[in-house]
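What follows is a short report on a single structure.
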Amino acid sequence: MLDFSRIQRGRKKYTFSLGDINECIIDVVEMMTPYAAQSGFSIKMELGQLEQMAFDGDAVTQIVVNLLDNAIKYARDAEDKTI
């Protein structure tokens, strides 16, 4: 939420570089896997083949961490424990 308001006010700056966004996502999933396992979840990835693209690695990392963290926090009673 804070980043969104910074974006709207033009205060959030992104640093784009050319790379493989899937590698960025894989790194985050590997980092979050132990946390997910402690909560009884497994993380399943299905990533498509992508061309290199310009993206902000820190921003993508934060987005994926937030998505996984929220999925783990708020889906505790789900029968399927796969994210």
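Those letters in the sequence shown? Residues 81 to 163, per the numbering used here, in order. C-beta atoms are modelled at their ideal positions from N, C-alpha and C, and glycine is treated no differently. Bear in mind that the values here come from a model prediction, so they are computed numbers and not experimental data.
How many angstroms separate the CA atom of A139 from the CA atom of D100? 14 Å
Just to confirm my understanding: we take A134, look at its own chain, exclude 5 residues before and 5 after, and list those with CB closer than 6 Å. What are they? F96, L98
If distances are taken between C-alpha atoms only, which option among R91, S119, V144, N102 comes closest to G128? N102
Nearest-angstrom Cα distance between D107 and T162? The alpha-carbon atoms of D107 and T162 are separated by roughly 18 Å.
Cα-Cα separation between K92 and F121, rounded to whole angstroms: 33 Å
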